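Chains as they are written, first to last, in the numbering used here: chain A, 10 to 368; chain B, 13 to 272.
Glycine included, every Cβ here is placed at the ideal spot set by N, Cα and C.
Predicted model, so just to flag it, every value in this text is computed and none were measured.
Data first, discussion second: the structure below is written as structure tokens.
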Amino acid sequence: MNAINSYKCPCCGAPLVFSGEELHCDACDNSFPAEIIKQISDGETEATGESSYDWEHYEPRSYEDTSEINLAGYSCPSCGAQVTGDDTLGATVCPYCGQSTIVKGQFEGTLRPDYIIPFKVDKKAAIEAFEADFKNAPFLPDEFKNKKKIEEMAGVYVPFWMFDCDCEAAITYNAQRVTMWSDTNFNYTKTDYYKLFRMGKVGFANIPVDGSKKADDAYMEALEPYNYNDAVNFNGAYLSGYLADKYDVSADESIERANERVKNSTVSEFDDTTGMYVAVYPEHAKVAFSNGKVRYSLLPVWMLNIKYLDKYYKFAINGQTGKVVGEYPVDKGKKWKYFWKIAGIGYAVAAVIAYFMLH
Amino acid sequence: MKKIFMVIFVCLLCVSLAVPCIATEFENPPIVDGAEYLNSAQFAELSEQLERVRQRYNFDVAIVTEYEMTSYDAMSSADDIYDYQGYGAGVNDDGILLYICASTREYHITTYAEGERIFNVNGIEYLKSNIQPHLANDDYYLAMDTYISIAEELLQMAEDGAVFNENEAETSDVLMVIGGAALIPLLVAFIMMRGKLSHMKTAVQNDYAANYVKPGTKQLTQSRDMFIYSSVTKTPRAKSNSESHRSSSGRSHGGGGGSF
Chain A
10 MNAINSYKCP CCGAPLVFSG EELHCDACDN SFPAEIIKQI SDGETEATGE SSYDWEHYEP
70 RSYEDTSEIN LAGYSCPSCG AQVTGDDTLG ATVCPYCGQS TIVKGQFEGT LRPDYIIPFK
130 VDKKAAIEAF EADFKNAPFL PDEFKNKKKI EEMAGVYVPF WMFDCDCEAA ITYNAQRVTM
190 WSDTNFNYTK TDYYKLFRMG KVGFANIPVD GSKKADDAYM EALEPYNYND AVNFNGAYLS
250 GYLADKYDVS ADESIERANE RVKNSTVSEF DDTTGMYVAV YPEHAKVAFS NGKVRYSLLP
310 VWMLNIKYLD KYYKFAINGQ TGKVVGEYPV DKGKKWKYFW KIAGIGYAVA AVIAYFMLH
Chain B
13 MKKIFMVIFV CLLCVSLAVP CIATEFENPP IVDGAEYLNS AQFAELSEQL ERVRQRYNFD
73 VAIVTEYEMT SYDAMSSADD IYDYQGYGAG VNDDGILLYI CASTREYHIT TYAEGERIFN
133 VNGIEYLKSN IQPHLANDDY YLAMDTYISI AEELLQMAED GAVFNENEAE TSDVLMVIGG
193 AALIPLLVAF IMMRGKLSHM KTAVQNDYAA NYVKPGTKQL TQSRDMFIYS SVTKTPRAKS
253 NSESHRSSSG RSHGGGGGSF
């Protein structure tokens with residue numbers, strides 16, 4: 010018998026040896042057809058290795074023409090946020106920290122966006138959306154619902170990098186199929202083990218990655234999705250009455266997050282093709298990106314900061330869809346009351362079930 | 013008129029008091045000793061004991077011994093004798109029958125109707141563990157005497173409302189049920205509370221970009237599913253409280269037996 014070191018046992022990883030027309034594992038005593046082992050090995054070769062990324066370089070553009078609107082720079086004396094806005098904008102609290110009124114300054118004409126999605130949800134509708142949302146917050150302290158504070162909401166165009174790309178993925182999975190049956194004395198479980206290989210292509214458009222350090226990434230990603238059919242070429246007139254942040258996270262710095270989301274989603278897309286198995290575990294995944302394009306866009310967000318017990322709670326409302334995200338304060342009394350109520354019902358049910366099981 | 017009512021009342025009272033005193037008629041003698049294990053004195057004594065138990069509990073308790081087996085095994089023989097020779101008490105034919113075959117040295121205790129509940133798996137095991145040693149010693153009289161005593165003991169327990177070790181669970185099962193009953197509600201409450209808490213914090217990162225897949229661009233170019241191997245595990249089935257089986261007559265019997 011000749012040892013074939015290039016092939017390893019798919020069950021235990023030990024080297025396989027050629028025996029007759031099959032490859033045999035001396036360690037776990039399994040035998041496999043040579044063709045299957047070759048297919049597994051080929052799949053693993055395709056799916057292992059580093060993923061490759063191909064993004065174009067983004068060249069920033071300046072506000073060469075500011076005739077569309079008279080813009081001013083605003084800064085927050087508390088958190089240092091630098092935003093742009095209509096120079097007629099009245100006193101407005103800082104959208105990011107909510108702690109002080111922003112101060113008007115000189116507009117610096119740099120970093121003109123490519124696209125903008127204009128606000129569709131006005132302030133009144135945003136307040137209504139927020140009020141509807143906190144009614145669904147189960148452990149909200151009663152004192153938190155302060156109308157005056159809610160009205161201190163600021164509309165901000167938040168900078169996003171939009172990524173387009175085409176992906177080609179090669180993925181291997183370990184999968185299991187289970188069959189169960191019984192006879193008079195025993196229950197039997199048969200588990201069939203498979204190795205799956207999937208290769209395919211998928212394209213992505215307009216994956217947004219937050220380009221502002223001040224805007225919390227978790228909030229901005231939770232606000233998605235935006236409908237990009239409403240996106241238009243940037244025109245300064247859309248900023249009238251709103252603030253606009255400019256990016257301070259470059260496209261190159263945002264690419265890593267875009268890669269992560271694209272790779273996760275590509276693998277997830279091909280998971281759908283493994284539905285006939287009860288358990289599927291991705292083993293290797295290699296994703297190659299091509300035609301990567303980057304654009305700079307402004308997306309509409311209503312920002313709200315509410316102070317409660319010396320802590321600011323941040324909320325954001327999608328200015329296009331009205332989706333509300335944030336973190337509410339938790340009334341611990343309400344939380345534990347709910348816990349013990351459910352536990353009490355659970356104990357009553359468990360007592361009845363236990364009685365019947367033991368008698 | 014008053015006297016007529018008084019006479020009717022007295023008659024009804026007499027009849028109602030007399031009813032419990034009417035002895036149940038059993039079709040079969042309590043012992044059929046075809047294998048001739050017992051002498052006449054032993055036969056008479058055990059018959060008397062069985063008859064007393066039968067009448068006391070209105071429940072058939074019987075013994076049948078044979079030299080050659082009636083059917084193909086002890087269980088079928090016991091069931092067939094019970095079903096086709098008219099054993100059982102009351103409209104449901106409640107009862108228990110001890111069958112012993114001399115030639116094959118096998119025995120089987122068959123139970124029917126209420127007998128299946130009173131002499132459950134644990135009761136049958138209790139009976140077997142007490143009579144088998146006597147059968148193994150060829151002390152048939154003592155085996156039968158023990159059988160009658162235990163049958164009476166279990167019937168009395170059932171009459172008192174506490175069937176012998178009904179659904180008796182092992183200590184590990186009891187601990188598991190109690191542990192489960194103590195922990196599962198807490199776990200469920202915790203999971204539900206966490207579910208509610210998730211409504212309190214909706215600002216969470218989205219690690220996927222499935223919303224941004226370009227329509228019609230997904231294309232599966234290669235797909236291979238390669239079977240590698242199978243494994244089979246087997247676990248003993250949990251024993252139920254009643255190990256019922258069907259006899260040749262189609263009736264459901266409980267019970268158990270063995271060799272000696």
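Chain B has no Cβ within less than 8 Å of the Cβ of residue 310(A). Around residue 154(A), the same chain offers 143 as residues with beta carbons nearer than 7 Å, after the five sequence neighbours per side are excluded. Counting along the chain, the unbroken alpha helix (DSSP H) around residue 133(A) starts and ends at 132 to 144. Taking C-beta separations shorter than 6 Å and ignoring five residues to either side along the sequence, residue 359(A) has no partners in its chain.
Excluding its 5 nearest sequence neighbours in each direction, residue 321(A) has C-beta neighbours in its own chain below 8 Å: 106, 107, 108, 314, 315, listed in chain order. The C-beta distance from residue 186(A) to residue 166(A) rounds to 51 Å, too long to fall under 8 Å, and the pair is not in contact.
With fewer than 16 other CB atoms across the displayed protein chains lying within 10 angstroms of its CB, residue 86(A) is exposed. Ranking 309(A), 169(A), 317(A), 349(A) by CA distance to the CA of residue 219(A) puts 169(A) first. The three-state secondary structure of residue 269(A), taken from DSSP, is helix. For residue 270(A), the chain B residues whose Cβ falls inside 9 Å of its Cβ are 218, 219, 220, 221, 224, in order along the chain. Counting only Cβ-Cβ distances below 7 Å, residue 366(A) has contacts in chain B at 189, in chain order. Rounded to whole angstroms, the Cβ separation of residue 220(B) and residue 236(A) is 18 Å, and the two are not in contact under 8 Å. Taking 8 Å as the cut-off, the beta carbon of residue 239(A) is found closer than this to the beta carbon of residue 126(A). When Cβ pairs closer than 8 Å are counted between the two stretches, the region 120 to 132 of chain B is seen to touch the region 101 to 109 of chain B, the count reaching three or more. Under the 8 Å criterion on CB atoms, residue 242(B) is classed as interfacial with respect to chain A.
Pairing residue 335(A) with residue 361(A), the inter-Cα distance amounts to about 41 Å.
Within the region 135 to 168 of chain A, 142, 145, 146, 147, 148, 149 place their CB atoms closer than 9 Å to a CB of chain B, listed in sequence order.
Burial is judged here by how many other beta carbons sit within 10 angstroms of a residue's own beta carbon; residue 279(A) has at least 16 and is buried. Under the DSSP assignment, residue 61(B) falls outside any beta strand (DSSP E), being part of the alpha helix (DSSP H) whose first and last residues are 52 to 69. Two segments are said to touch when three or more pairs of C-beta atoms, one from each, lie closer than 8 Å; by this definition the region 198 to 209 of chain B touches the region 344 to 358 of chain A. The residue among 171(B), 192(B), 113(B) with its C-alpha nearest the C-alpha of residue 148(B) is 113(B). Look at residue 17(A) here: in three-state DSSP terms it is strand. A Cβ-Cβ contact shorter than 8 Å links residue 36(A) with residue 18(A). Assigned with DSSP and collapsed to three states, residue 275(A) falls in helix. Cα atoms of residue 232(B) and residue 233(A): separation of roughly 27 Å, rounded to the nearest angstrom. Residues of chain A whose Cβ lies closer than 9 Å to the Cβ of residue 133(B) do not exist; the shortest such Cβ separation is about 15 Å. Of the candidates 210(B), 87(B), 62(B), the residue whose Cα lies closest to the Cα of residue 75(B) is 62(B).
Distance from residue 144(B) to residue 266(B) at the Cβ level is roughly 18 Å; contact not present, criterion being Cβ atoms closer than 8 Å. Residue 223(A) is a Cβ neighbour of residue 90(A), given a cutoff of 8 Å.
Residue 198(B) belongs to the set of residues whose beta carbon lies under 8 Å from a beta carbon in chain A.
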